[in-house]
Every structure is written in structure tokens, then in C-alpha cells.
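Chains as they are written, first to last, in this note's numbering: chain V, 1 to 114; chain H, 115 to 225.
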Amino acid sequence: GAVVSQHPSWVICKSGTSVKIECRSLDFQATTMFWYRQFPKQSLMLMATSNEGSKATYEQGVEKDKFLINHASLTLSTLTVTSAHPEDSSFYICSAVQGYNEQFFGPGTRLTVL
Amino acid sequence: LAKTTQPISMDSYEGQEVNITCSHNNIATNDYITWYQQFPSQGPRFIIQGYKTKVTNEVASLFIPADRKSSTLSLPRVSLSDTAVYYCLVGPQAGANNLFFGTGTRLTVIP
């Protein structure tokens with residue numbers, strides 16, 4: 001099946017710094033990618049929809065200036081957490097869409113902000 | 115997107131068949147039912163998708179009654195490695211549409 005990778009798999013940073021997370025579709029082109037966030041013992045929460053070549057669409061309550069999304073190519077979307085704070089510590093998961101079939105999820109990136 | 119309701123948690127012994135039921139009373143005509151599995155610190159993994167009646171693959175079966183207001187994921191002869199959270203999602207065929215995950219069912223398989 002289709003493979004989606006994320007890099008890094010985990011990251012620890014100091015409060016106030018910015019962190020970039022990459023999401024790649026390895027063997028297919030994805031016009032649409034999604035970014036989710038998951039806190040411990042909770043479900044996935046959709047943050048934004050990323051479309052190649054256009055601005056991302058953010059869900060209500062998600063700050064677009066804090067969570068910068070760039071979908072520069074059909075195989076890469078990046079999420080940058082700017083000026084990270086401890087409350088941003090979470091598990092960030094991306095997914096990529098192949099055609100109109102199922103979404104393929106990445107393995108996730110665990111962000112810890114000290 | 116139709117809201118779904120699942121049991122929060124379930125326990126089962128190894129080797130037993132596990133059935134997880136999901137309620138989706140407001141399912142729309144063009145909605146599909148999709149189940150995902152998630153292990154700790156991993157992304158969700160697609161298990162099965164169906165529209166009506168019964169769907170079976172090498173991993174599970176999905177039973178959908180005629181009114182489609184509920185569905186049941188059936189896992190035959192579970193093993194310890196099936197311990198995970200199982201999510202039921204309802205919406206247009208999961209392609210270019212974002213997915214809204216409910217609470218999921220935390221299945222614990224006991225030796």
C-alpha cells in the first residue's frame with residue numbers, strides 16, 4: 001500500500017523556538033494532505049487541510065499564524081509550529097490522499113516543548 | 115459528517131471473536147463507514163470500509179444492517195497484538211475529505 005513518512009519521529013525543543021515537521025508521500029502524489037493533533041488518551045483532532053499550491057484551510061480554533069503549513073509539492077507538506085510552548089506538546093499526525101480512495105496516515109511526530 | 119458513538123473500552127481474551135458496534139443514526143445516503151486501528155504512538159491504519167450489508171477482508175468483517183444506522187466491526191480470534199484503539203468514521207468515501215475521529219474504542223486483549 002501507499003506509504004507516508006514523517007520527519008522527525010520525535011523532537012524536543014525549548015519554549016519559544018520553532019519546529020518544522022515534514023510529511024511525505026513516498027510512492028504516490030498527494031494533492032491533499034491533512035494535519036491532525038492528538039493529545040494523550042484522546043482522539044485525533046483535525047487541524048488543517050493542505051492542498052498543493054494553495055493556502056491551507058484551518059479548522060476553527062487552530063491559529064494559522066502559529067501552525068504554518070506549506071504544501072510546496074505533490075509529495076511534501078510541512079507543518080511549522082512557531083514559538084512553541086509547552087501546551088503545544090502533542091502527537092502530530094499527517095495523512096495523504098491518493099486519488100479518491102482511503103487516506104494514508106504517517107507514523108506521527110511526538111513534539112515535546114520544555 | 116455523521117456523528118458516531120462507540121463504547122469507550124472493551125476487554126477480550128485471546129482467541130475470542132470481538133465485535134465492536136458503532137452507532138451512526140444520522141448517516142447520509144452517500145456516506146461510507148470506515149474503521150481504523152491505532153496503536154500507541156503510531157498513526158491510524160485503515161482496516162475496512164463498507165457501504166451496506168457485509169464486507170470481509172483478511173483482517174476483519176464489517177456488518178452493516180439495512181438501515182445503516184449502525185455497523186459492527188468483527189475481529190476473529192483476537193491476539194495480544196490486536197490491543198489498540200479502533201475508530202469508526204462515517205462520511206463520503208474517505209478520499210479527498212477530511213476525517214473526523216470520534217472517541218474510539220480501546221480494545222484490550224487479555225492473555
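Here a beta-carbon is modelled for each residue, glycine too, at the ideal position from N, C-alpha and C.
Test: residue i CB closer than 7 angstroms to a CB of chain V
i: H/GLY205; result: no
i: H/GLN120; result: no
i: H/THR222; result: no
i: H/GLN151; result: no
i: H/GLY164; result: no
i: H/PHE177; result: no
i: H/THR219; result: no
Nearest-angstrom beta carbon gap, residue j and residue i [assumed within contact, 8 angstroms]
i: H/PRO206; j: H/ASN140; result: With 8 angstroms as the limit, H/PRO206 and H/ASN140 do not qualify as a contact, their Cβ atoms being about 14 angstroms apart.
i: V/GLU52; j: V/THR31; result: 5 angstroms
i: V/ARG142; j: V/VAL11; result: Since the first and last residues shown for chain V are 1 and 114, residue 142 of chain V lies out of range.
i: V/VAL81; j: V/LEU111; result: 7 angstroms
i: V/SER15; j: V/ALA84; result: 7 angstroms
i: H/ILE122; j: H/THR219; result: 7 angstroms
i: H/GLN156; j: H/THR217; result: Actually they do not touch by this definition, with Cβ atoms about 18 angstroms apart.
i: V/SER50; j: V/SER77; result: 5 angstroms
i: H/LYS168; j: H/PHE177; result: 5 angstroms
Neighbour flag for residue i against chain H, beta carbons, 7 angstroms
i: V/ILE21; result: no
i: V/SER43; result: yes
i: V/PRO8; result: no
i: V/PHE39; result: no
i: V/GLY61; result: no
i: V/PHE28; result: no
i: V/PHE67; result: no
i: V/GLY16; result: no
i: V/GLY108; result: yes
Cβ neighbour criterion (16 or more within 10 Å) applied to residue i
i: H/THR148; result: buried
i: V/PRO8; result: exposed
i: H/LEU194; result: exposed
i: H/PHE215; result: buried
i: H/THR170; result: exposed
Within 8 angstroms, do at least three Cβ pairs link the stretch 125 to 143 of chain H to the stretch 182 to 190 of chain H?
yes
Near-chain V residues of the stretch 134 to 159 of chain H - C-beta to any C-beta below 9 angstroms:
THR148, TYR150, GLN152, SER155, GLN156, GLY157, PRO158, ARG159
Counting pairs of beta carbons, one from the stretch 191 to 202 of chain H and one from the stretch 97 to 111 of chain V, are three or more of them closer than 8 angstroms?
no
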